[in-house]
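Undergrad: In UniProt numbering, the protein residues as written are 1 to 281. From the three backbone atoms N, C-alpha and C, an ideal C-beta is built for every residue, glycine too. Nothing here was measured: the structure is a model prediction, and the numbers come from that model.
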Amino acid sequence: MLKKLIIKEKIMAMTYGGIMYFPLNVNFFEDAPIELIEAKFGLVEEAAVMKLLCKMYKEKGYYLLWGEEQCTLFSHKTGIEKSCMEGIINILVEKDFFDKRCYEERHVLTSAEIQKIWLDATKRRKRELTPLPYLLIEKGNDTKAEADHKPEKEDGCIQNQKNYMQSANISPENADNSKQSKVEQSIAVKEEESPVGSLFLTPPGYAHNRQTHNYDGLMFTLQQMKIVNPEEVNAILRLSDYGKLRGYVWQVIHSTRWGEIVAKGKYLIAALVKEKKKSGC
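1) Which same chain residues, not among the five before or five after Ser-240, have their C-beta less than 7 Å away from its C-beta?
2) Starting from Ile-117, trace the alpha helix (DSSP H) in both directions and tell me its first and last residue.
3) If you draw a straight line from the alpha carbon of Pro-33 to that of Cys-84, how long is it in whole angstroms?
4) So, for Tyr-63: in the same chain, excluding its five sequence neighbours on each side, which residues have a beta-carbon less than 6 Å away from its beta-carbon?
5) If you draw a straight line from the alpha carbon of Lys-264 to that of Thr-256, how long is it in whole angstroms?
6) When we look at the beta-carbon of Asn-214 and count the other beta-carbons within 10 Å, is it buried (16 or more) or exposed?
7) Can you tell me where the alpha helix (DSSP H) with Ala-235 in it begins and where it stops?
8) In three-state terms, what does DSSP make of Leu-132?
9) Give me, in chain order, the residues of the same chain whose beta-carbon lies closer than 7 Å to that of Glu-45; leave out the 5 immediate sequence neighbours on both sides.
10) DSSP has Lys-244 in a bridge; who is on the other side?
11) Among residues of its own chain, excluding the 5 on either side of Ile-227, which ones have a beta-carbon nearer than 8 Å to its beta-carbon?
12) Report back the beta-carbon spacing between Ile-19 and Gly-61 to the nearest angstrom; my notes put them in contact at under 8 Å.
13) Counting only runs that start and end within the region 37-125, where is the beta strand (DSSP E) found for 3 or more residues in a row?
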């Protein structure tokens with residue numbers, strides 16, 4: 001009898017709570033926000049994002065309350081400086097990995113895609129979705145296919161049109177000195193449609209050293225930002241030393257509110273030129 005009660009309590013606890021497993025897109029570590037975190041902070045901090053997702057799916061299922069106290073505890077547990085963790089969260093929010101409005105208004109980390117994954121994983125549980133907080137997708141839809149777009153919710157959070165799981169078929173990791181990367185190939189397709197006929201610069205050998213540079217990550221990020229004009233791309237490559245890690249280009253990409261910028265390529269070039277003059281290079 002006691003055993004049955006314990007099992008029943010566990011089932012009730014899981015009704016709205018965490019899950020034991022969750023699917024991961026194979027392009028996760030090539031997603032623009034993750035590439036940017038690796039370039040700015042390093043591989044250890046990049047792994048912290050995965051730990052953050054595991055914590056979310058395990059505890060609340062589809063969201064995580066995040067404030068100064070939670071940041072301090074999580075940083076201590078993962079061995080990451082608090083300032084670095086704050087920077088990671090800022091990137092994830094600014095780059096739409098997490099829903100920005102939910103974070104700013106409710107201090108909640110979540111996204112429409114995370115919620116779809118949770119709903120799909122728990123669709124066999126007996127539950128009522130109406131009382132669930134911070135939902136960005138239409139209540140009552142239990143699958144990824146059914147949960148689509150909902151402009152605004154009563155709790156103030158809105159669905160983010162740009163979900164954190166990208167279905168991009170490009171793989172910056174495949175680049176080497178003897179073979180053009182898939183990122184370059186993808187951008188080259190757009191180059192043919194561009195009125196500018198010049199080619200992209202061939203990166204020097206040292207730019208392929210992932211310990212010092214993230215050339216493919218930069219090319220991927222530029223493509224995501226719709227910066228595909230060869231002249232602009234080449235200028236950014238030169239000014240950034242082909243995506244040098246911890247270079248100024250990553251700071252600009254991270255800190256700028258790109259939704260307000262029309263000519264993104266020209267803006268990024270101007271910022272890099274200004275920094276070059278400031279540093280006397």
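TA: The relevant details are as follows:
1) Position 240 of the sequence shown, counted from the start, is the residue given in the question as residue 240. Only Leu-218, Gly-247, Val-249 and Leu-272 meet the Cβ criterion.
2) Start at 1 with the first residue of the sequence shown, and residue 117 comes out as number 117. Taken as a continuous stretch (DSSP letters only), the alpha helix (DSSP H) holding Ile-117 covers 112-121.
3) For the purposes of this step, residue 33 is taken as the residue at position 33 of the sequence shown. For the purposes of this step, residue 84 is taken as the residue at position 84 of the sequence shown. Each residue's alpha carbon lies about 15 Å from the other.
4) Numbered from its first residue, the sequence shown carries residue 63 at position 63. Closer than 6 Å at Cβ, skipping near neighbours: Val-108, Thr-110 and Tyr-134.
5) As a first step, residue 264 must be located in the sequence shown, where it is residue number 264. As a first step, residue 256 must be located in the sequence shown, where it is residue number 256. For Lys-264 and Thr-256, the distance between alpha carbons rounds to 10 Å.
6) Position 214 of the sequence shown holds residue 214. With 16 or more other Cβ atoms within 10 Å, it is buried.
7) As a first step, residue 235 must be located in the sequence shown, where it is residue number 235. Note, Ala-235: alpha helix (DSSP H), 230-239.
8) Here residue 132 refers to the residue found at position 132 when the sequence shown is read from its first residue. Reduced to three states, the DSSP call for Leu-132 is coil.
9) Looking up residue 45 in the sequence shown gives position 45. Closer than 7 Å at Cβ, skipping near neighbours: Ile-37, Ile-80, Cys-84 and Ile-88.
10) Taking the first residue of the sequence shown as 1, we reach residue 244 at position 244. Beta-bridge pairing links Lys-244 to His-213.
11) As a first step, residue 227 must be located in the sequence shown, where it is residue number 227. These residues qualify, in order along the chain: Val-233, Ile-236, Lys-264, Gly-265 and Leu-268.
12) For the purposes of this step, residue 19 is taken as residue 19 along the sequence shown, with counting starting at 1. For the purposes of this step, residue 61 is taken as residue 61 along the sequence shown, with counting starting at 1. Indeed, because the Cβ distance is near 6 Å, the residues count as touching under 8 Å.
13) none
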